[in-house]
Amino acid sequence: MAKELIKGNTAVAEAALRAGLEAYFGYPITPQTELLEHLSARMPELGRPFVQAESELGAINMVYGAACTGKRVMTSSSSPGVSLMMEGLSYIAGTEVPAVLVDVVRGGPGLGNIAPAQGDYNQIVHGGGHGDYHMIVLAPASVQEAIDLTVLAFDLAEKYRAITAVLLDGSIGQMMEPAELPPMQPLKTEIPDWAVRGTQGGEKRILTSINLDPPAQEVMNLRLMKRWQEIEKNEVRYKGYYLEDAEYIIVGFGTAGRISLSAVRAAREKGIKVGLLRPITVAPFPKEILEELTEQVKAFLVVEMNSGQMLEDVRLVVRGRKPVEFFGRMGGVVPYPDEVTTEIERLIEGPLTTEGHPRDRWLARLAETIG
Amino acid sequence: MVMTDVPTKIVYERPKALDPRVTHYCPGCTHGVAHRLVAEVLEEMGETGNTIGVASVGCSVFAYNYFDIDFVEAAHGRAPAMATGIKRVYPDRIVFTYQGDGDLASIGMGEIVGAASRGEGLTVIFINNANYGMTGGQMAPTTLPGQKTTSSPTGRDTKRQGYPIQTAELLSTLEGATYVVRRSLHSSREIRRAKKAIRTAFEVQKHGLGFSLVELLSTCPTNWGMSADEARTWIEENMFDYYPLGDYKVSPAVAELKI
Chain A
1 MAKELIKGNT AVAEAALRAG LEAYFGYPIT PQTELLEHLS ARMPELGRPF VQAESELGAI
61 NMVYGAACTG KRVMTSSSSP GVSLMMEGLS YIAGTEVPAV LVDVVRGGPG LGNIAPAQGD
121 YNQIVHGGGH GDYHMIVLAP ASVQEAIDLT VLAFDLAEKY RAITAVLLDG SIGQMMEPAE
181 LPPMQPLKTE IPDWAVRGTQ GGEKRILTSI NLDPPAQEVM NLRLMKRWQE IEKNEVRYKG
241 YYLEDAEYII VGFGTAGRIS LSAVRAAREK GIKVGLLRPI TVAPFPKEIL EELTEQVKAF
301 LVVEMNSGQM LEDVRLVVRG RKPVEFFGRM GGVVPYPDEV TTEIERLIEG PLTTEGHPRD
361 RWLARLAETI G
Chain B
1001 MVMTDVPTKI VYERPKALDP RVTHYCPGCT HGVAHRLVAE VLEEMGETGN TIGVASVGCS
1061 VFAYNYFDID FVEAAHGRAP AMATGIKRVY PDRIVFTYQG DGDLASIGMG EIVGAASRGE
1121 GLTVIFINNA NYGMTGGQMA PTTLPGQKTT SSPTGRDTKR QGYPIQTAEL LSTLEGATYV
1181 VRRSLHSSRE IRRAKKAIRT AFEVQKHGLG FSLVELLSTC PTNWGMSADE ARTWIEENMF
1241 DYYPLGDYKV SPAVAELKI
């Protein structure tokens, strides 16, 4: 198929549909709404269920119900709406049914604004809903990658009976880029054994997240954790740029990673040996490559559109063996490549330290400019 | 002893759609009666193998253990949303929710109004026993003015704690709701009428006529602090005034249903 100029939100919607999405449930919220709008037209065209729910609570619980039938289902929202969905996500995780969530992240906390941000990293990667569970989280940096990861999200969700989230910065959702959509896949014909459908005279099936017997609940918890170990083993994805001879590494996901790449390329033109590690799966986090790079490089720079949430995951791997610095913009402010370039130069000039916390140094520098 | 050869005929037995096990419900509670009515109706309609139930949070959280029917268990209040997801995927299945008053009329009011207004082809069995049973008898949206509960210990003060919600009346104003009635489980006569209403509600769904709900006035002897018999009398003497039995919405298409 040829490339076409397409908006991120629309592209994700169409990609999901072509990946065999059988039912969509959502609620309008900026900057995600085009996704819902696109499906409100396309799903009925194909005779597939589309429901604009009464709220995000309603939407995620419709997804929960439809996911219990084993069909390909998804919802999409943006930060405040995803907060409302946390209840349902925990139940879906606790029932071990597959579902896909697209979170088009905007500035926060609270109503915040509708500009692109990455402030939901902790909510999506480190929990949000109650109880012990993990979601697989995919973080695209372009419209094309958003398309490809949306298709992958359904496969991963089904393979591991887990929630797969596509963490889409508002910028990727709103941006138009040339991209190629996948071919139309036929709908799944096989229904997994565990899915409810009516007994048709056979054994009844119960799908529930309740387990009043603590040891039995613990067995379930252990199953989830073992499955997560499998996911960590099999599903880590990242993209490395100029890693081979890099003395300095920038770590950034999504839009922050993409902007950093511009800065890395500019630095390379000046002969600076800097590379970029862009996690595609922010959960499971690409620990192994980061471990290898820790041996190799002089220092790390973490760039995010938040206050340094992924920074903590980087620090857990680096464990003080090499200096880590941080640069972030928040509140819906998107960094310029030049700002990252300045940070690269600062990294090279030094002095570098493994003492203290990178966030404190970043805040101290910020205090000099914006107070 | 004189043996006779009078032929035996079974006139009453446990429906097969109801699993043969002891429930966790308290003695004198009418949940068991409501379960049985649902099971009998689905069996009489030949739909047990074609049905998916949605249990809710409250005393009926384990309802799925008692039916020989595919079941899912919803988060508190969200059963109508979960049922919507299932029904949209499987429009040819019978999908029903079984919800208490705290679940449906308090935390889940958004979901039930949403489902009813969209005219989702669901059937809702709504148990109104004027308190939160599972958590030990707190004030519910259905608790009567002056009624003592563990969170309205001096009686529900409407100035501070507002008024009970008349669910059937409220939902009957929605165009998408085509069959909304209130019945009671306090006497054998009313139980028979309740069964007829439950049958109608499921037939409404089977015929694709929209959203149906049967509100059932139910006993909670344990939390009301009464014997089973006193509890049944209490329904008649205290609940009927605020929650009159009756048909609140019967759309013309439903009225024409021949059962």
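The listed protein sequences derive, respectively, from chains A and B.
The first sequence begins at 1 in the working numbering and counts up one residue at a time.
The second sequence begins at 1001 in the working numbering and counts up one residue at a time.
We put the beta carbon where it would ideally sit given N, CA and C, even for glycine.
Can you list, in chain order, the residues of the segment 1058–1077 of chain B whose Cβ is nearer than 9 Å to any Cβ on chain A?
-> Cβ contacts with chain A come from 1061, 1062, 1064, 1065, 1067, 1068, 1069, 1070, 1071, 1072, 1073, 1074, 1075, 1076, 1077.
Which ranges does the alpha helix (DSSP H) cover as unbroken runs of at least 4 residues, wholly within the segment 1069–1157 of chain B, from first to last along the chain?
-> Correct list: 1079–1089, 1109–1117.
Which chain B residues are close to residue 177 of chain A, counting only those with a beta carbon under 8 Å from its beta carbon?
-> The contacting residues do not exist; residue 177 of chain A stays about 33 Å from chain B at best.
Ignoring anything shorter than 3 residues or poking outside the segment 190–263 of chain A, list the beta strand (DSSP E) runs there in chain order.
-> For the segment 190–263 of chain A, whole beta strand (DSSP E) runs of length 3 or above, ordered along the chain, are 238–241, 248–251.
Residue 327 of chain A CB to nearest chain B CB: under 9 Å?
-> No, because no Cβ of chain B sits closer than 9 Å to the Cβ of residue 327 of chain A.
Let me know if residue 343 of chain A comes out buried or exposed under the rule of 16 or more other beta-carbons within 10 Å of its beta-carbon.
-> Buried, by the Cβ-count rule.
Hey, how far is the Cα of residue 1160 of chain B from the Cα of residue 1188 of chain B?
-> If you draw a straight line from the Cα of residue 1160 of chain B to the Cα of residue 1188 of chain B, it is about 37 Å long.
For residue 418 of chain A, I'd like the list of residues in its chain whose CB is within less than 6 Å of its CB, leaving aside the five on either flank, ordered along the chain.
-> Since the first residue of chain A shown is 1 and the last is 371, residue 418 of chain A is not available in this structure.
Check whether the segment 270–288 of chain A touches the segment 227–244 of chain A, taking contact to mean three or more Cβ pairs, one atom from each stretch, closer than 8 Å.
-> As far as the Cβ criterion goes, the segment 270–288 of chain A touches the segment 227–244 of chain A, which means the pair count is three or higher.
So is residue 83 of chain A in contact with chain B if we call contact Cβ pairs under 9 Å?
-> Not closer than 9 Å to any Cβ of chain B, the Cβ of residue 83 of chain A fails to qualify, so no.
Should residue 134 of chain A go down as buried or exposed, given a rule of 16 or more other Cβ atoms within 10 Å for buried?
-> With 16 or more Cβ atoms within 10 Å of its Cβ, residue 134 of chain A is classed as buried.
Select from the segment 1082–1104 of chain B all residues with a C-beta closer than 7 Å to any C-beta belonging to chain A, and list them in chain order.
-> Going along the segment 1082–1104 of chain B in chain order, one finds 1082, 1083, 1084, 1085, 1086, 1088, 1089, 1090, 1093 with a Cβ nearer than 7 Å to chain A.
Is DSSP giving residue 21 of chain A helix, strand or coil here?
-> For residue 21 of chain A, the secondary structure class from DSSP, reduced to helix, strand or coil, is coil.
Is residue 1023 of chain B close to chain A, meaning its C-beta is less than 9 Å from at least one C-beta of that chain?
-> No, because no Cβ of chain A sits closer than 9 Å to the Cβ of residue 1023 of chain B.
Considering residue 338 of chain A, what are the terminal residues of the alpha helix (DSSP H) in which it resides?
-> Note, residue 338 of chain A: alpha helix (DSSP H), 337–349.
Under 9 Å, do residue 16 of chain A and residue 39 of chain A count as touching if we go by C-beta distance?
-> Yes; because the gap between Cβ atoms is below 9 Å, this pair is in contact.
Contact list for residue 1049 of chain B against chain A, beta-carbon separation under 7 Å | What residue 1049 of chain B touches in chain A: 198, 199, 200, 201.
Span separating the alpha-carbon of residue 1055 of chain B from that of residue 1061 of chain B | Looking at the two C-alpha atoms, the distance is approximately 6 Å.
Neighbouring residues, chain B, relative to residue 323 of chain A (Cβ below 9 Å) = Per Cβ cutoff of 9 Å: no residues; residue 323 of chain A is ~46 Å from chain B at best.
Counted within 10 angstroms of its Cβ, other Cβ atoms place residue 1166 of chain B as buried (16 or more) or exposed = Taking every protein chain shown into account, the CB of residue 1166 of chain B has 16 or more other CB atoms within 10 angstroms, so this residue is buried.
Determine, using beta-carbon pairs with one atom in the segment 174–193 of chain A and one in the segment 117–130 of chain A, whether at least three such pairs fall under 8 Å.
-> Between the segment 174–193 of chain A and the segment 117–130 of chain A, the count of Cβ pairs shorter than 8 Å is below three; the stretches do not touch.
Would you kindly check if the distance between the Cβ of residue 1108 of chain B and the Cβ of residue 1080 of chain B is under 9 Å?
-> Yes, the pair counts as a contact, with Cβ atoms nearer than the cut-off.
Can you tell me whether residue 1012 of chain B is buried or exposed, with buried defined as 16 or more other CB within 10 angstroms of its CB?
-> It is exposed - the Cβ of residue 1012 of chain B has fewer than 16 other Cβ atoms within 10 Å.
What did DSSP end up calling residue 941 of chain B once you bin it into helix, strand or coil?
-> The structure shown does not extend to residue 941 of chain B, since chain B spans only 1001 to 1259, so no value can be given for it.
What first and last residue would you give for the alpha helix (DSSP H) that runs through residue 1189 of chain B?
-> Element bounds for residue 1189 of chain B: 1188–1206.
Can you give me, in chain order, the residues of the segment 36–66 of chain A that have a beta carbon less than 7 Å from any beta carbon in chain B?
-> Taking 7 Å as the cut-off between beta carbons, the residues of the segment 36–66 of chain A near chain B are 49, 51, 53, 54, 55, 57, 58, 61, 62, 63, 64, 65, 66, in sequence order.
If you count every other CB in all the chains shown that lies within 10 Å of the CB of residue 1218 of chain B, and 16 or more means buried, which is it?
-> By the neighbour-count rule (16 or more Cβ atoms within 10 Å), residue 1218 of chain B is buried.
Can you tell me the Cα-Cα spacing of residue 265 of chain A and residue 303 of chain A, whole angstroms?
-> Cα to Cα, the separation comes out at about 15 Å.
What residues in its chain sit with their C-beta under 6 Å from that of residue 128 of chain A, if we drop five residues either side in the sequence?
-> Answer for residue 128 of chain A: 86, listed in chain order.
Same chain, Cβ closer than 7 Å to residue 1029 of chain B, five either side skipped, listed in chain order = So the list reads 1219, 1220, 1221, once near-sequence residues are dropped.
Cβ pair count under 8 Å reaching 3, the segment 220–237 of chain A against the segment 1083–1101 of chain B | Judged by Cβ distances under 8 Å, the segment 220–237 of chain A makes no contact with the segment 1083–1101 of chain B, as fewer than three pairs qualify.
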